[in-house]
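Q:
Protein chains in written order, with my numbering: chain A, 562 to 852; chain E, 6 to 246.
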């Protein structure tokens with residue numbers, strides 16, 4: 562697997578960097594560049610599927626954001642539609658600026674969602690927890706134990722339900738309150754058995770010497786040449802963003818009038834291109850075949 | 006002492022950063038999306054640091070994991086009731102009985118692990134914080150009220166948190182994607198999710214009224230088991246006097 566050639570830290574910092582950069586700028590060119598890079602990165606590890614799956618239940622949120630921005634904001638100067646007064650919203654006035662602002666904000670959230678999918682695609686849960694164990698050992702053990710207990714408790718819940726059914730409990734019958742109560746009783750049994758179980762887990766941990774001395778740690782994660790290259794690329798990208806922000810190239814105002822797309826001159830598009838190229842280096846390194 | 010110093014230092018750094026952010030970008034120029042995100046990560050780090058530095062026994066760790074797993078599985082058990090999930094109520098109860106530290110960890114762990122099954126996203130850290138805060142505040146409340154709490158009190162507590170949870174989750178979307186940031190847009194952002202918040206609060210109230218009387222004694226019994234201390238075995242008894 563190509564992702565094995567990278568340290569888990571590199572793989573987790575890159576999506577985070579994309580998210581933070583998307584939050585820093587609201588310039589359409591820069592956000593488009595970021596989206597393109599994020600989608601390119603998603604392609605390297607088959608994360609596009611996760612992204613589409615996420616979009617299936619997040620699109621209403623994006624739609625709501627667009628609608629609220631269009632309907633509520635009254636700061637735009639170019640009126641597209643002047644409607645009647647509505648009790649809660651006030652005068653209904655749709656402006657070009659508010660519509661574009663809403664669309665750009667949807668673009669911004671798309672980048673954030675895609676970067677999260679990328680994080681999941683690049684870093685499987687066990688590697689993420691392994692990285693966490695390096696910094697926060699106890700919390701990682703708690704998280705791992707929880708993840709391990711869930712399938713076990715689900716199985717137990719099933720058998721508790723079956724036992725209750727053989728004793729004449731009909732889960733589907735009765736009023737909502739009665740049905741909730743029946744399921745509550747099931748949860749009650751599960752609570753007791755899971756708490757009893759936790760004592761056994763703790764005893765097993767102690768028996769294996771947990772907490773008796775400094776914990777020994779073993780990790781497969783190694784810093785490699787690829788990490789250095791990706792790290793340098795990300796660092797330079799951050800520097801470039803700071804320089805561009807200093808030059809006023811990444812700023813973009815929507816209200817009351819849209820600023821011209823290239824308000825700061827050609828440095829705007831050159832900067833966006835340079836940033837995209839720099840940020841494309843880590844996914845390109847992932848994609849690269851071993852020679 | 007060293008632990009406290011580190012926590013104080015982290016809080017000071019956070020306050021310093023907030024001041025710096027205000028000083029550099031006064032009023033509307035401040036990028037709230039980034040600022041709130043950084044503060045969230047710092048606050049989560051602080052809670053986790055406290056947990057890492059505390060003397061937590063293996064029993065407490067296993068207990069937190071069990072309660073968190075139960076809160077996640079509760080979602081599956083109550084699958085026939087799409088709007089009623091006992092997750093928040095179980096976190097609340099865990100915090101109430103076992104204290105703020107355990108309550109926060111149960112809440113935060115539930116968010117991380119349940120999203121492994123139901124879908125991770127930018128909402129995960131906010132969910133960690135929101136559920137963690139339910140557990141932590143319930144822990145403080147539990148310290149104050151003790152064992153003889155009426156289910157109705159927990160119902161009110163749960164109802165308030167049902168709404169606070171929703172508002173907290175909406176805040177980041179509001180800060181990141183709305184302009185201008187004022188009360189109108191905040192209300193509009195929250196109005197979109199008002200039915201989720203109402204059903205969340207209702208679920209908390211219902212579960213508090215239905216389950217507290219049977220669940221609370223069980224948890225307190227286990228807390229007593231948790232706080233038993235093992236004594237040193239005296240090998241050579243000196244009975245000279």
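Using N, Cα and C, we set each Cβ at its ideal position, and we do this for glycine too. For clarity, every value in this text was computed on a predicted model and none was experimentally measured.
1) Residues of chain A with CB closer than 8 Å to the CB of residue 104 of chain E, please, in chain order.
2) Name the residue from E:44, E:24, E:216 whose alpha carbon lies nearest to the alpha carbon of residue 177 of chain E.
3) Pull out every residue of the stretch 71-85 of chain E whose Cβ sits closer than 7 Å to any Cβ of chain A, in chain order.
4) Assuming residue 286 of chain E contacts residue 715 of chain A under a Cβ cut-off of 8 Å, what Cβ separation, rounded to an integer in Å, is found between them?
5) Return the CA-CA distance between residue 38 of chain E and residue 180 of chain E, expressed in angstroms with no decimal places.
6) To be precise: take each residue of the stretch 667-693 of chain A, compare its Cβ to all Cβ atoms of chain E, and keep it if any distance is under 7 Å. Which residues remain?
7) Assign residue 735 of chain A to buried or exposed, taking buried as 16 or more other Cβ atoms, counted over all protein chains shown, within 10 Å of its Cβ.
8) So who's on the other strand from residue 642 of chain A, going by DSSP bridges?
9) Quick one: which chain A residues come within Cβ less than 7 Å of residue 186 of chain E?
10) State the Cα-Cα distance for the pair residue 563 of chain A and residue 616 of chain A, rounded to the nearest angstrom.
11) Can you give me the C-alpha to C-alpha distance between residue 792 of chain A and residue 812 of chain A, rounded to a whole angstrom?
12) Which residues in chain A have a C-beta closer than 8 Å to the C-beta of residue 64 of chain E? List them in chain order.
13) Using Cβ-Cβ distances below 7 Å, what residues of the stretch 120-141 of chain E are close to chain A?
14) Counting only Cβ pairs nearer than 8 Å, list the residues of chain A close to residue 39 of chain E.
15) Taking the CB atoms as reference points, tell me whether residue 865 of chain A and residue 125 of chain E lie closer together than 8 Å.
16) If we count Cβ pairs, one from each stretch, closer than 8 Å, do we get three or more for the stretch 633-651 of chain A versus the stretch 692-712 of chain A?
17) Taking only beta-carbon atoms, is residue 653 of chain A less than 8 Å away from chain E?
18) Taking the Cβ atom as the reference point for each residue, do residue 226 of chain E and residue 103 of chain E lie within a distance shorter than 8 Å?
19) Give the straight-line distance between the Cα atoms of residue 568 of chain A and residue 704 of chain A, rounded to the nearest whole angstrom.
20) With a threshold of 8 Å between beta carbons, is residue 816 of chain A in contact with chain E?
21) To the nearest angstrom, report how far apart residue 838 of chain A and residue 585 of chain A are at their CA atoms.
22) Among residues of its own chain, excluding the 5 on either side of residue 114 of chain E, which ones have a beta-carbon nearer than 6 Å to its beta-carbon?
23) Is the CB-CB distance between residue 248 of chain E and residue 692 of chain A below 8 Å?
24) Whose CA, out of A:575, A:566, A:565, lies closest to the CA of residue 796 of chain A?
25) Using the beta-carbon count (16 or more within 10 Å), is residue 756 of chain A buried or exposed?
26) What residue from E:135, E:205, E:162 has the CA that sits closest to residue 174 of chain E's CA?
27) Going by other Cβ atoms of all chains shown within 10 Å of its Cβ, with 16 needed for buried, is residue 246 of chain E buried or exposed?
28) Identify, in the order they occur along the chain, each residue of the same chain with its Cβ nearer than 6 Å to the Cβ of residue 591 of chain A, setting aside the five sequence neighbours on each side.
29) So with CB distances below 7 Å, who are the chain A contacts of residue 19 of chain E?
30) List the residues that DSSP assigns as beta-bridge partners of residue 647 of chain A.
31) Is it true that the stretch 152-169 of chain E meets the stretch 181-191 of chain E, where meeting means three or more beta-carbon pairs spaced less than 8 Å apart?
32) Quick test of your reading: residue 662 of chain A and residue 184 of chain E, contact by CB under 8 Å. State the CB separation rounded to the nearest angstrom.
33) Give the straight-line distance between the Cα atoms of residue 659 of chain A and residue 23 of chain E, rounded to the nearest whole angstrom.
34) Ignore the nearest five residues each way along the sequence and tell me which others in residue 690 of chain A's own chain have a CB closer than 7 Å to its CB.
A: Taking the structure as given:
1) Within 8 Å Cβ-Cβ: nothing; residue 104 of chain E doesn't reach chain A, min ~15 Å.
2) E:44
3) 71, 73, 74, 75, 77, 78, 79, 81, 82, 83
4) An answer regarding residue 286 of chain E cannot be provided, because it is not within the stretch 6 to 246 covered by chain E.
5) 5 Å
6) If the cut-off is 7 Å between Cβ atoms, the stretch 667-693 of chain A has 669, 670, 673, 674, 677, 681, 686 near chain E.
7) exposed
8) In the DSSP output, where bridge partners are listed per residue, residue 642 of chain A has A:655.
9) Residues of chain A whose Cβ lies closer than 7 Å to the Cβ of residue 186 of chain E do not exist; the shortest such Cβ separation is about 11 Å.
10) 27 Å
11) 26 Å
12) 759, 760, 763
13) Flagged, chain order: 121, 124, 125, 126, 127.
14) 581, 584, 585
15) Outside the displayed span of chain A (562 to 852) sits residue 865 of chain A, for which this structure offers no information.
16) Output reads no: the stretch 692-712 of chain A does not touch the stretch 633-651 of chain A.
17) no
18) no
19) 21 Å
20) yes
21) 18 Å
22) 73
23) No information on residue 248 of chain E is available, as it lies outside the stretch 6 to 246 that chain E covers here.
24) A:575
25) buried
26) Per the C-alpha coordinates, the member of E:135, E:205, E:162 positioned closest to residue 174 of chain E is E:135.
27) With a pLDDT of only 49 at residue 246 of chain E, under the threshold of 50, the placement of this residue in the model should not be trusted; the figure read from the coordinates follows. Classification of residue 246 of chain E: exposed, given that the 10 Å Cβ count is below 16.
28) 811, 833
29) What residue 19 of chain E touches in chain A: nothing, since even the nearest Cβ is about 17 Å away.
30) A:651
31) Result no; under three Cβ-Cβ pairs closer than 8 Å.
32) Between residue 662 of chain A and residue 184 of chain E the beta-carbon gap is near 6 Å, inside 8 Å, which marks them as a contact.
33) 29 Å
34) 701, 704, 705
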